[in-house]
Amino acid sequence: MMLSEPTNCIMRDGTCKNHRPQRMLQIFSLNLAKIPVDAGSVELYGYIAARDDLDPLLNYVVNVSRDDPIIVEQGSIINMAPKRGIKLGLSTLIEYDMKIKTGGHEKDDLQLIDGISVLSKMDTNNCSVFTCRIIGDSGAIDISASRIDYAVEATVEVILSEFHGSFNMSLSCFTSELDEEIQLFDGSIGESCGLGWSVVAVEMGTQMDLKIKVGSEPSGSSEYCCSFEAHNHGRDSELIKTDFVSISVKLTWSVLPRPWTCVRSKQNRVVTVQLGTSLMFRRANELIKD
């Protein structure tokens, strides 16, 4: 969302040429593919995150504390909410440490998956969804994702108001003319609230389609859809009124920033440097050695 309203645009034929779309990685789903036999429902916690050459810090896709684990079964979709887009370059790291809570002490918990995977633009095809399985000591997680070459990021925020009783709600989206669905929220609602925000990569020249289902068990559910055309910058919004709630959808469009930053040297000079893949691999090597 850093470049949603820049001041240094160079416009040509109504399009900004100074802030260009970039190649991004879009994760569509995380599926709990395997757990110990006869485990049934399990309490899961930990994180799955990405590192790219825009920022060496973790970009959390999932981040769940041990004190507030999620309850899932084999085959369940794990909710995710990345807070910025993931740039896909020569190498993008997916780092993970997920555990199954078994009792009162962390030392007794089961390690589901733990490690680092490297994704490269050379290993993927544009707008083609692939699934890879991460196998750990006590199970496995399937990650479905796609490379999107000419992409911008859409920050999706949903605010609920004017309630008429409690209800169930699901929020999902489709991006870049792909048939794979991205689940953004699925749960019960009882009072006015915001559903937080999520970031989705969208190919320029296409649109993002939001699908919202609202209802209760006795009466069934109603489906509402809205579509937004991808832009380099700017904002879109739509208000949806249902029998249960008013839904305010707000979208902020942005391109990813260029992977350059300014640092001050020992001689007090400002130097422009690139946050390159060497930093990520150094971090990966440190983690592997640990």
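Residue 0 is where the sequence shown starts when you use numbering that gives the first Met the number 0, and the numbers rise one by one after that.
Glycine is no exception: its CB is placed at the ideal position from the N, C-alpha and C atoms.
Identity of the residue in the options nearest residue i by Cα
i	options	result
H232	Y44, N167, A153 and L183	A153
K86	I246, S245 and V199	V199
E180	I76, R22 and Y59	I76
H230	S28, T205 and L183	T205
M141	D67, E216, G103 and I34	Note on residue identity: the sequence assigns Asp, not Met, to residue 141. Among D67, E216, G103 and I34, the Cα nearest to that of D141 is on I34.
I246	R83, V41, F162 and F129	F162
D178	S169, A144, M203 and C192	A144
L255	S221, G84 and H104	G84
F291	M203, G219 and G189	In the structure as shown, the chain starts at 0 and stops at 289, and residue 291 therefore has no counterpart that could be examined.
I93	G39, G189 and P55	P55
Alpha-carbon to alpha-carbon, residue j and residue i
i	j	result
A49	N167	31 Å
I69	L194	17 Å
S127	I26	12 Å
A139	R65	19 Å
A32	S116	17 Å
R19	S165	43 Å
A150	D37	43 Å
E72	K100	13 Å
V201	E176	9 Å
V174	L57	In the sequence on display, residue 174 carries Thr and not Val. Distance between the alpha carbons of T174 and L57 is about 24 Å.
R263	D52	Any reading at R263 must be qualified, since the residue scores a pLDDT of 43, below 50, and its modelled position is unreliable; the value itself is stated next. Whole-angstrom Cα-Cα distance: 20 Å.
D242	I133	42 Å
S236	D107	48 Å
L29	G214	25 Å
G102	Y95	22 Å
R257	N62	26 Å
G137	I158	This sequence places Ser at residue 137; Gly is not what is there. Taking the straight line from one Cα to the other gives about 38 Å.
E216	L170	17 Å
V41	H104	15 Å
C192	L43	25 Å
G39	V244	35 Å
Chain-order list of residues whose beta-carbon lies under 6 Å from that of residue i (same chain, five-residue window excluded)
i	result
M97	G45, L111 and I112
Y223	I211 and I239
E156	W196 and K249
D148	R22 and N125
G189	S165
C131	I142
D185	S169
G219	none
Residue i (DSSP reduced to helix, strand or coil)
i	result
D52	coil
D108	coil
K82	coil
G39	coil
R257	coil
T130	strand
N124	coil
A200	strand
Run of the beta strand (DSSP E) containing residue i, from where it starts to where it stops
i	result
M23	Q21 to K33
L209	Q206 to S215
A144	G138 to S160
N78	No beta strand (DSSP E) holds N78; DSSP gives it neither H nor E.
K305	Limits of the chain in this structure are 0 at one end and 289 at the other, which puts residue 305 out of reach.
M168	F166 to T174
V248	S245 to S253
R234	G233 to K240
Own chain partners of residue i with C-beta closer than 7 Å, once the 5 adjacent residues on each side are dropped
i	result
S119	L89 and S90
V60	I26, I47, A48, A49, M79 and P81
R293	The first residue shown for the chain is 0 and the last is 289, placing residue 293 beyond what the model contains.
G135	Q110, L111, I112 and D113
S187	S165 and N167
Test: residue i CB closer than 8 Å to a CB of chain C
i	result
S187	Here there is only one protein chain, and chain C is not present.
Residues of its chain near residue i, where Cβ-Cβ distance is below 8 Å and the 5 sequence neighbours each way are ignored
i	result
C172	V155, E180, I181, L183, V199, M207, D208, L209 and K210
S221	K212, V213, G214, T241 and D242
G74	N30, L31 and A32
S160	S191, V244, S245 and S247
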